[in-house]
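S.K.: Going down the list, the protein sequences come from chains A and B.
First residue of the first sequence? That's 1 in the numbering used here, and the numbers climb one at a time after it.
First residue of the second sequence? That's 247 in the numbering used here, and the numbers climb one at a time after it.
Don't be surprised by glycine CBs; every beta carbon is placed ideally from N, CA and C.
Protein chains: 2
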Amino acid sequence: MHFTSEQHLDDGVVEREFTLGEIPGILWTPASASTSAPAPLILLGHPPLGLRTMYPRLAARARHSAAEGFATATIELPGSGDRPRWPAVERARADLRRVMAAGEPVSDEIVDALILPLVDKAVPEWQAALDALLALPGIGGPVAYSGGVISIGIRLAVVEPRISAAVLFAGSFVPRAMFEEARQVTIPLHVMLQWDDEGNDRQAALDLFDAFGSEEKSLHANMGGHTGVPQFAGDVAAQFFTRHLK
Amino acid sequence: MHFTSEQHLDDGVVEREFTLGEIPGILWTPASASTSAPAPLILLGHPPLGLRTMYPRLAARARHSAAEGFATATIELPGSGDRPRWPAVERARADLRRVMAAGEPVSDEIVDALILPLVDKAVPEWQAALDALLALPGIGGPVAYSGGVISIGIRLAVVEPRISAAVLFAGSFVPRAMFEEARQVTIPLHVMLQWDDEGNDRQAALDLFDAFGSEEKSLHANMGGHTGVPQFAGDVAAQFFTRHLK
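(1) Between which residues of its own chain and W86 of chain A is the CB-CB distance below 7 Å, once the five residues before and five after are set aside?
(2) Going by C-alpha to C-alpha distance, which of B:G384, B:A411, B:G417 and B:D341 sits closest to G394 of chain B?
(3) Within this structure, are the beta carbons of L20 of chain A and V143 of chain A separated by less than 8 Å?
(4) Please determine, among B:R489, B:L287, B:E268 and B:F486, the residue with the shortest C-alpha to C-alpha distance to L382 of chain B.
(5) If the cut-off is 9 Å on Cβ atoms, which residues from the region 212–223 of chain A count as contacting chain B, listed in chain order?
(6) Return helix, strand or coil for G153 of chain A, following the three-state DSSP convention.
(7) Which runs of the beta strand (DSSP E) spanning at least 3 residues fall entirely within the region 25–72 of chain A, listed in chain order?
(8) Does the beta carbon of V365 of chain B sit closer than 8 Å to a beta carbon anywhere in chain A?
(9) For F316 of chain B, go through chain A and note every residue whose CB falls closer than 9 Å to its CB, in chain order.
(10) Would a check of beta-carbon distances place V482 of chain B closer than 8 Å to chain A?
(11) Alpha carbon to alpha carbon, what distance is there between V405 of chain B and Q253 of chain B?
(12) Please determine if the region 428–448 of chain B and the region 462–473 of chain B are in contact, where contact requires at least 3 C-beta pairs separated by less than 8 Å.
(13) Check whether the region 122–138 of chain A touches the region 181–192 of chain A, counting contact only when three or more Cβ pairs, one atom from each stretch, lie closer than 8 Å.
(14) DSSP on P333 of chain B, reduced to helix/strand/coil?
(15) Given this structure, state the Cα-to-Cα distance separating A73 of chain A from A92 of chain A, to the nearest angstrom.
(16) Which word fits K246 of chain A, buried or exposed, when buried means at least 16 other C-beta atoms lie within 10 angstroms of its C-beta?
(17) Just to confirm before moving on: does the CB-CB distance between F419 of chain B and L364 of chain B stay below 8 Å?
(18) At 4 residues or longer, and completely inside the region 417–490 of chain B: list those alpha helix (DSSP H) runs for me, N to C.
(19) Is any beta-carbon of chain B found at less than 8 Å from that of R57 of chain A?
(20) For chain A, is any of its Cβ atoms less than 8 Å away from the one on F478 of chain B?
(21) With a CB to CB cut of under 7 Å and the five nearest residues on each side skipped, what residues in its chain are close to A101 of chain A?
(22) Rounding to the nearest angstrom, what Cα-Cα distance links L297 of chain B and W28 of chain A in this structure?
(23) CA-CA distance, L156 of chain A and D120 of chain A?
(24) Would you please verify whether the beta carbon of L452 of chain B is less than 8 Å from any beta carbon of chain A?
(25) Just reading off the beta strand (DSSP E) that L266 of chain B is part of, what are its end residues?
(26) Tell me the rounded alpha-carbon separation between S5 of chain A and G25 of chain A.
(27) Compute the Euclidean distance between the alpha carbons of E215 of chain A and A204 of chain A, then round it to the nearest angstrom.
(28) By the three-class DSSP mapping on this structure, what secondary structure does P407 of chain B have?
(29) Restricting to Cα atoms, I'd like to know which of A:E15, A:M178, A:I187 and A:A177 is closest to V167 of chain A.
(30) Inspect the beta-carbon positions of V123 of chain A and I150 of chain A and report whether they are closer than 8 Å.
(31) What does the Cβ neighbour count give for G12 of chain A, buried or exposed, with the cut at 16 atoms within 10 Å?
(32) At a CB-CB cut-off below 7 Å, which residues of chain A make contact with R203 of chain B?
(33) Using a Cβ-Cβ cutoff of less than 6 Å, which residues in the same chain neighbour F425 of chain B once the five nearest sequence positions on both sides are dropped?
(34) So, with DSSP's three-state summary, where would you put P142 of chain A?
(35) Answer with buried or exposed for R97 of chain A, where buried requires no fewer than 16 other C-beta atoms within 10 angstroms of its C-beta.
(36) Which one of A:R16, A:S107, A:I75 and A:A238 has the shortest CA to CA distance from E22 of chain A?
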């Protein structure tokens, strides 16, 4: 892990850009973090739109989490942002756009081609980032995953024992195979769903919530459209982290 | 409204039993309530099991709300507790027990006979209680409804303009006619659903949530069975009241 920039924000949060091999990422640490009092870590997931595009929303959430004493880190997804194009996934995205523009149903084949390679490639990268992040002074366990590409969150929850809780955003396309993986998830889950998100298959989101094997799981459905998560819903998610990471 | 007992609890809360005509009820007021700083009021609904049976749960919730500065009141439902038996509703309950014991589906006729007369009779009683409560020193608006018999909460939200927010528990039987009334509800709603409650028609609860006309509505689904609402879910509901009543 190689830090490429360091910025001290006015709320005492330190924002550092890094590269991990060829993967760019950002780490936010709270003013309170120290070697003697390491901050719990939130891995901040996001849709494959590129870190630059997502930066304002990610930074806002990271600074909110820093105020609660958490460090937050994110990495660029394969094939997104400044990382090399990934022809297979780009073809799947083009197929998705085509059928959606035509008003046709999105087939399982398209969803699988879009999501499964991304999960297979991104999850080991998140794990490598986790190795590097936990080796830094001032950052310690426990660790949570938060955010989008819910299939990445599911796979991480199943394969990565250092992740002890997750906030997941229902709404992206979910391959059928991930429903089986969801049954293997046992960590506490806080699942957010935008009820009136027309681009979202609500029934699939409810079926997925039902599939999770976790003894503690909560579904929080709100109004406001795809990107209109209400402020109070973010506060409730923050309390979930405080309950499970402190 | 005639007070029949007054008890000072160790957290400064005053618990007073009252009668309103023939209807028994309980009022909890926080230590902070005064004529110059009247407490917002929560009307605390409950299933028709009788106030004595429900008392421990109701008192716990009222004391929690008092700590946030809210007054809480509840009244006995018609046909419950110490109130005169109500043969028509008792017949409907007997019918319900019979078909459930036989593993038969609960017909719309049984649900209508069970719930609609209760709503028709209880809602004006809640409104009469509201008149009397708001005339007391130390209690002022805004007013919220919280609790069970969701159909009573729906009707109150539609017909009673003094109610400005509601926490509703999905799970009781809901007559089809109430889905139409739900579309007329416009106040902020916080709907709680026990996801793994086997006695609950989950799909009906989701359909009802979808039907509500409110611009702000949130669904909070948790695990723990019918009566196992997690502590943190109660805290989130309390924040909803704080957001809307203060």
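M.R.: With the structure as the only source:
(1) Position 86 of the first sequence, counted from the start, is the residue given in the question as residue 86 of chain A. Same-chain partners within the cutoff: P78 and G79.
(2) The sequence position of residue 394 of chain B within the second sequence is 148, counting from 1. Ranking the options by Cα distance to G394 of chain B, first place goes to B:G417.
(3) Counting from 1 along the first sequence, the entry for residue 20 of chain A is found at position 20. Counting from 1 along the first sequence, the entry for residue 143 of chain A is found at position 143. Not in contact: L20 of chain A and V143 of chain A (Cβ atoms no closer than 8 Å).
(4) Here residue 382 of chain B is taken as the residue at index 136 of the second sequence, counted from 1. Ranking B:R489, B:L287, B:E268 and B:F486 by Cα distance to L382 of chain B puts B:L287 first.
(5) Under the 9 Å Cβ criterion, the region 212–223 of chain A contributes S214, E215, E216, K217, S218, L219, H220, A221, N222 and M223.
(6) The residue you call residue 153 of chain A lines up with position 153 of the first sequence. In this structure, G153 of chain A counts as helix in the three-state DSSP scheme.
(7) 39–44
(8) By 1-based counting over the second sequence, the position of residue 365 of chain B is 119. Interface residue (Cβ-Cβ distance to chain A less than 8 Å): V365 of chain B is not classified as such.
(9) Within the second sequence, numbered from 1, the residue matching residue 316 of chain B stands at position 70. By Cβ distance, chain A contributes nothing, its closest Cβ being about 18 Å from F316 of chain B, past 9 Å.
(10) In the second sequence, the residue the question calls residue 482 of chain B occupies position 236. At least one chain A Cβ lies under 8 Å of V482 of chain B.
(11) The count along the second sequence starts at 1 and reaches residue 253 of chain B at position 7. The count along the second sequence starts at 1 and reaches residue 405 of chain B at position 159. If you take the alpha carbons of Q253 of chain B and V405 of chain B, they lie about 33 Å apart.
(12) In short, these stretches touch, since the Cβ pair count reaches three.
(13) The region 122–138 of chain A vs the region 181–192 of chain A: no contact.
(14) Residue 333 of chain B sits at position 87 when you count from the first residue of the second sequence. P333 of chain B: helix per DSSP, three-state reduction.
(15) Numbered from its first residue, the first sequence carries residue 73 of chain A at position 73. Numbered from its first residue, the first sequence carries residue 92 of chain A at position 92. So the alpha carbons of these two residues sit roughly 28 Å apart.
(16) Numbered from its first residue, the first sequence carries residue 246 of chain A at position 246. Exposed, by the Cβ-count rule.
(17) Within the second sequence, numbered from 1, the residue matching residue 419 of chain B stands at position 173. Within the second sequence, numbered from 1, the residue matching residue 364 of chain B stands at position 118. Going by C-beta atoms, F419 of chain B is not nearer than 8 Å to L364 of chain B.
(18) The DSSP assignment places 422–429 and 448–457 as complete runs of the alpha helix (DSSP H) inside the region 417–490 of chain B, in order along the chain (cut-off: 4 residues).
(19) The residue you call residue 57 of chain A lines up with position 57 of the first sequence. Chain B, which has no Cβ nearer than 8 Å to the Cβ of R57 of chain A, makes this no.
(20) The sequence position of residue 478 of chain B within the second sequence is 232, counting from 1. By this cut-off, F478 of chain B is an interface position.
(21) Within the first sequence, numbered from 1, the residue matching residue 101 of chain A stands at position 101. None.
(22) If you number the second sequence from 1, residue 297 of chain B lands on position 51. If you number the first sequence from 1, residue 28 of chain A lands on position 28. Cα-Cα distance, rounded: 52 Å.
(23) The sequence position of residue 156 of chain A within the first sequence is 156, counting from 1. The sequence position of residue 120 of chain A within the first sequence is 120, counting from 1. Approximately 10 Å, taken between the alpha carbons.
(24) Working through the second sequence from its first residue, we reach residue 452 of chain B at position 206. Judged by the 8 Å Cβ criterion, L452 of chain B is in contact with chain A.
(25) By 1-based counting over the second sequence, the position of residue 266 of chain B is 20. V260 to L266 is the span of the beta strand (DSSP E), which, as asked, contains L266 of chain B.
(26) Numbered from 1 along the first sequence, position 5 holds the residue referred to as residue 5 of chain A. Numbered from 1 along the first sequence, position 25 holds the residue referred to as residue 25 of chain A. Rounded to the nearest angstrom, the two C-alpha atoms are 11 Å apart.
(27) Residue 215 of chain A sits at position 215 when you count from the first residue of the first sequence. Residue 204 of chain A sits at position 204 when you count from the first residue of the first sequence. When rounded, the distance between both Cα atoms is 20 Å.
(28) Numbered from its first residue, the second sequence carries residue 407 of chain B at position 161. The answer is coil: DSSP assigns P407 of chain B none of H, G, I, E or B.
(29) Translated into positions along the first sequence, residue 167 of chain A becomes position 167. Of A:E15, A:M178, A:I187 and A:A177, the residue nearest in Cα terms is A:I187.
(30) One-based indexing of the first sequence puts residue 123 of chain A at position 123. One-based indexing of the first sequence puts residue 150 of chain A at position 150. No.
(31) Numbered from its first residue, the first sequence carries residue 12 of chain A at position 12. So G12 of chain A ends up on the exposed side.
(32) Chain B is shown from 247 up to 492; residue 203 of chain B falls before or after that span and cannot be answered.
(33) Walking along the second sequence from the start, residue 425 of chain B turns up at place 179. Contacts found: A457.
(34) On the first sequence, position 142 is the one that residue 142 of chain A refers to. DSSP places P142 of chain A in strand when its eight states are reduced to three.
(35) Residue numbering aside, residue 97 of chain A sits at position 97 when the first sequence is read from its first letter. Looking at its Cβ environment, which holds fewer than 16 other Cβ atoms inside 10 Å, R97 of chain A is exposed.
(36) By one-based count along the first sequence, residue 22 of chain A stands at place 22. Taking only the C-alpha atoms, the option nearest E22 of chain A is A:I75.
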